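Trainee: Handing you this structure, nothing more for now.
In this note's numbering, the protein residues as written are 70 to 236.
Here's what the structure looks like:
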């Protein structure tokens with residue numbers, strides 16, 4: 070998931086197009102990368118930052134609900150276990166243990182309504198963009214949004230490779 074070199078060409082192209090569209094919506098690649106750097110500075114992760122926002126010099130990302138550590142830990146475990154995966158479309162509900170599956174479902178119910186908004190500071194005429202944590206939420210299938218994973222869990226190097234990828 071977070072190893073760009075291991076992705077197949079179709080997945081690389083999809084991630085490139087998504088990240089390129091996001092960068093264009095906020096004024097360019099450098100603005101987006103500086104926001105991601107600002108997010109990486111928040112320890113242990115920007116997602117559990119109580120202010121529900123992170124500022125860079127040019128951009129701000131805000132979200133509408135505090136993410137508590139217990140839910141973050143479940144999400145992080147899922148992302149970390151699939152970090153080197155070549156498959157972008159994995160179902161996070163595929164767990165052998167019923168107890169673990171129940172924890173994941175509770176986390177999904179809690180975090181699914183959260184929406185992230187990335188906007189420019191100042192008066193520049195860029196629309197910004199919105200995204201959610203999960204791309205797909207169905208009864209037996211939940212997929213993590215690749216934009217969310219890239220911004221909160223993947224490295225800045227991953228983002229640079231995705232943005233520079235040649236179609």
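Don't be surprised by glycine CBs; every beta carbon is placed ideally from N, CA and C. The structure displayed is predicted, hence computed values, not measured ones.
Should residue 127 be labelled buried (16 or more other beta-carbon atoms within 10 Å of its own) or exposed?
Mentor: Along the chain shown, one-based indexing puts residue 127 at 58. Residue 127 comes out buried.
Trainee: For my contact list, residue 196 and residue 92 are in at a C-beta cut-off of 8 Å; report their separation, rounded to the angstrom.
Mentor: Position 127 of the chain shown, counted from the first residue, corresponds to residue 196. Position 23 of the chain shown, counted from the first residue, corresponds to residue 92. Their Cβ separation, rounded to whole angstroms, is 12 Å, which puts residue 196 and residue 92 out of contact at 8 Å.
Trainee: Should residue 167 go down as buried or exposed, given a rule of 16 or more other Cβ atoms within 10 Å for buried?
Mentor: Taking the first residue of the chain shown as position 1, residue 167 is located at position 98. Exposed is the call here.
Trainee: What is the residue span of the alpha helix (DSSP H) that residue 206 lies within?
Mentor: Residue 206 sits at position 137 when you count from the first residue of the chain shown. Taken as a continuous stretch (DSSP letters only), residue 206 belongs to no alpha helix (DSSP H), being part of the beta strand (DSSP E) at 203-206.
Trainee: Closer than 6 Å by C-beta to residue 151: which residues in its own chain qualify, once you throw out the five before and the five after it? Chain order, please.
Mentor: Within the chain shown, numbered from 1, the residue matching residue 151 stands at position 82. Hits under 6 Å: 70, 159.
Trainee: Of all the options 140, 101, 113, 148, which has the alpha carbon lying nearest to the alpha carbon of residue 189?
Mentor: For the purposes of this step, residue 189 is taken as the residue at position 120 of the chain shown. The shortest Cα separation from residue 189 among 140, 101, 113, 148 belongs to 101.
Trainee: Can you tell me whether DSSP reads residue 161 as helix, strand or coil?
Mentor: By 1-based counting over the chain shown, the position of residue 161 is 92. Here residue 161 sits in coil by DSSP.
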